[in-house]
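J.: In my numbering, the protein residues as written are 20 to 325.
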Amino acid sequence: MKLLITGATGLVGRRLVQKAFSLGIEIHFLTTSKSKTDSIAGAKGFHWNPSKAEIDSACFEGVDVLIHLAGASISKLWTSSNKRQIRSSRVDSTRLLHSSLKQLEPGHQVKQIVAASAIGIYPSDFENTVDEQTIVHPNSFMEEVVISWENEVDQFSSLGLGVTKLRIGLVLSPKGGVLGPLKIPTAWGLGAAFGNGKQGQSWIHIEDVVGLFLAASKEQWEGVYNAVAPNPVSQTHFIGALAKALNRPYFLPPIPKFALQLIIREMSSLVLDSHWVSAQKILEKGYLFSFPLVEEAMQDVVTKKR
Ligand SMILES: NC(=O)c1ccc[n+]([C@@H]2O[C@H](COP(=O)([O-])OP(=O)(O)OC[C@H]3O[C@@H](n4cnc5c(N)ncnc54)[C@H](OP(=O)(O)O)[C@@H]3O)[C@@H](O)[C@H]2O)c1
20 MKLLITGATG
30 LVGRRLVQKA
40 FSLGIEIHFL
50 TTSKSKTDSI
60 AGAKGFHWNP
70 SKAEIDSACF
80 EGVDVLIHLA
90 GASISKLWTS
100 SNKRQIRSSR
110 VDSTRLLHSS
120 LKQLEPGHQV
130 KQIVAASAIG
140 IYPSDFENTV
150 DEQTIVHPNS
160 FMEEVVISWE
170 NEVDQFSSLG
180 LGVTKLRIGL
190 VLSPKGGVLG
200 PLKIPTAWGL
210 GAAFGNGKQG
220 QSWIHIEDVV
230 GLFLAASKEQ
240 WEGVYNAVAP
250 NPVSQTHFIG
260 ALAKALNRPY
270 FLPPIPKFAL
280 QLIIREMSSL
290 VLDSHWVSAQ
300 KILEKGYLFS
310 FPLVEEAMQD
320 VVTKKR
């Protein structure tokens with residue numbers, strides 16, 4: 020199997036590439052930085068610039084499955100220009116992949132797209148569990164972006180490709196991601212939840228994110244799946260598990276909601292929103308999680324270097 024991966028130089032992409040190599044899978048990747056085209060030993064890099072609709076179409080040669088992870092970071096301050104970039108890096112990049120493949124028809128062999136999506140598509144809900152059937156509406160910036168992103172991904176079915184969308188939860192990794200900014204205060208015994216701390220945190224260990232992308236590519240899954248571990252926890256529990264893994268005390272009260280809203284405004288939704296997300300559909304697919312419990316996942320990511 021040969022994969023074309025966008026966003027291969029990011030947190031999930033780097034681990035996915037390592038794992039794919041260990042399984043003998045060949046890799047092409049697209050990067051927005053010309054300097055990174057030679058950055059992954061053993062893989063062939065190609066340059067693209069989705070904002071200018073530029074792409075090296077040789078990237079599709081011999082490719083069976085397209086794995087689309089590209090997207091500008093959502094943790095930069097949500098200024099209007101960063102918000103435009105968060106949206107266009109996902110929507111325009113997906114559109115460019117689609118139009119490029121369409122132009123190549125019938126001269127390519129891509130059968131499947133497995134695209135990243137996010138649980139930020141779901142409305143915040145402190146009580147109820149959401150699943151892939153939950154109706155979504157563009158009621159917030161994040162919900163609108165993810166809905167538009169998924170709508171673009173759906174267009175690939177008109178080209179005859181199988182379409183898989185993985186709605187990823189909070190990724191736990193030794194290399195940063197969501198734990199990056201939380202680790203330092205928690206390691207100093209200053210970890211604290213936000214708001215009332217009762218928000219649902221639907222997390223997933225990076226090994227399982229990568230495992231799901233590979234399973235979906237190999238088995239050509241169809242449709243939308245929540246890429247979350249089967250045991251979501253409250254935010255208080257989540258920070259407590261991190262503190263325990265770091266062997267540090269955890270006693271501070273949560274940081275009040277109004278303080279966060281005052282400082283980071285709309286972006287405070289990233290830590291104040293609640294998502295209790297079901298993993299039932301992927302469990303029914305037969306996927307076996309390496310890390311189903313948050314305590315084991317936290318222990319692994321704070322002690323291991325991958
Ligand atoms: N990590 C999480 O907790 C999480 C949760 C839910 C969903 N997701 C989604 O999963 C995907 C992968 O996540 P990640 O954590 O690996 O992200 P990441 O570390 O931020 O990497 C994303 C990659 O996207 C590319 N990129 C950045 N800006 C871009 C732009 N303007 N246009 C096109 N490409 C751009 C970059 O690759 P180049 O520099 O090589 O172009 C970068 O390496 C993202 O789409 C993210 O939204 C992640």
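A virtual CB, placed ideally from N, CA and C, is assigned to each residue, including glycine.
1. Run through the DSSP bridge pairs and tell me what Val-243 is partnered with.
2. The alpha helix (DSSP H) spanning Thr-113 covers which residue range?
3. Tell me whether Glu-162 is buried or exposed, calling it buried when 16 or more other Cβ atoms sit within 10 Å of its Cβ.
4. If we ignore side chains and look at the alpha-carbon of each, how far apart do Val-290 and Gly-126 end up?
5. What span of residues does the beta strand (DSSP E) with Ile-86 cover, start to end?
6. For Ile-132 and Phe-270, I'd like the C-alpha separation in whole angstroms.
7. Using CA atoms only, rank isn't needed, just tell me which of Phe-232, Gln-254, Asn-250 is closest to Tyr-244.
8. When you compare the CB positions of Ser-165 and Ile-140, do they come within less than 8 Å of one another, or not?
9. Mapping DSSP to helix, strand and coil, what is Val-155?
10. Taking the DSSP output, what are the residues bridged to Lys-194?
11. Given this structure, state the Cα-to-Cα distance separating Trp-142 from Ala-264, to the nearest angstrom.
12. Under 8 Å Cβ to Cβ from Val-36, same chain only, skipping five residues before and after it: list those, please.
13. Using CA coordinates, which residue listed in Gly-199, Lys-237, Pro-275 is at the minimum distance from Gly-214?
14. For Thr-255, which residues from the same chain have a beta carbon less than 8 Å from its beta carbon, with the 5 sequence-adjacent residues on both sides left out?
15. Does DSSP put Gly-64 in a helix, a strand or coil?
16. From Ala-316 to Pro-193, what does the alpha carbon distance come to, in whole angstroms?
17. Let me check understanding here. Comparing Cα to Cα, which of Ala-298, Asn-101, Leu-85, Ala-137 lies closest to Arg-186?
18. At a threshold of 7 Å, does Gly-230 count as lining ligand 1 (C-beta to nearest heavy atom)?
19. For Ala-212, does the three-state DSSP call read helix, strand or coil?
20. Could you tell me whether the segment 172-189 touches the segment 222-229, using the rule of 3 or more Cβ pairs below 8 Å?
21. In terms of alpha-carbon separation, which member of Val-31, Gln-104, Lys-95, Ser-159 lies closest to Ile-86?
22. Between which two residues does the alpha helix (DSSP H) carrying Ala-262 extend?
23. Measuring alpha carbon to alpha carbon, tell me which of Thr-113, Ser-159, Ser-176 ends up nearest Gly-242.
24. Per DSSP, what are the beta-bridge partners of Leu-49 in this structure?
25. Measure the alpha-carbon distance for Ser-159 versus Lys-300 and round it to whole angstroms.
26. For the beta strand (DSSP E) that contains Ile-166, what are its first and last residues?
27. Suppose you measure from the CA of Leu-341 to the CA of Glu-124; what does that come to, to the nearest Å?
28. Output yes or no for whether 8 Å exceeds the beta carbon distance between Phe-308 and Pro-268.
29. Determine the direct distance from the alpha carbon of Val-228 to that of Leu-88, and round the result to whole angstroms.
30. Closest to Gly-208 by CA distance: which of Gly-259, Gln-174, Asp-173, Ser-167 is it?
31. Would you say Pro-98 touches ligand 1, meaning its beta carbon is less than 7 Å from a heavy atom?
32. With which residues is Ala-134 paired in a DSSP beta bridge?
T.: Per the coordinate set shown:
1. Lys-184
2. 99-123
3. buried
4. 45 Å
5. 84-87
6. 45 Å
7. Phe-232
8. The sequence shown places Val at residue 165, not Ser. It is a contact, given that the beta carbons lie within the stated cut-off.
9. coil
10. Paired residue(s): none; Lys-194 is not in a bridge.
11. Reading the sequence as shown, one finds Pro at residue 142 and not Trp. Distance between the alpha carbons of Pro-142 and Ala-264: 30 Å.
12. Ile-24, Ala-27, Ile-46, Phe-48, Ile-59, Ala-62
13. Pro-275
14. Ala-212, Gly-216, Lys-217, Pro-273
15. strand
16. 10 Å
17. Ala-137
18. no
19. coil
20. yes
21. Val-31
22. 254-264
23. Ser-176
24. Thr-25, Phe-65
25. 26 Å
26. It is not in any beta strand (DSSP E) - Ile-166 instead sits in the alpha helix (DSSP H) that spans 160-173.
27. No answer is possible for residue 341: the residues shown for the chain start at 20 and end at 325.
28. no
29. 12 Å
30. Gly-259
31. Here the sequence assigns Thr to residue 98, which means Pro is not the residue at that position. Checking the Cβ of Thr-98 against ligand 1 gives no.
32. His-87, Lys-184
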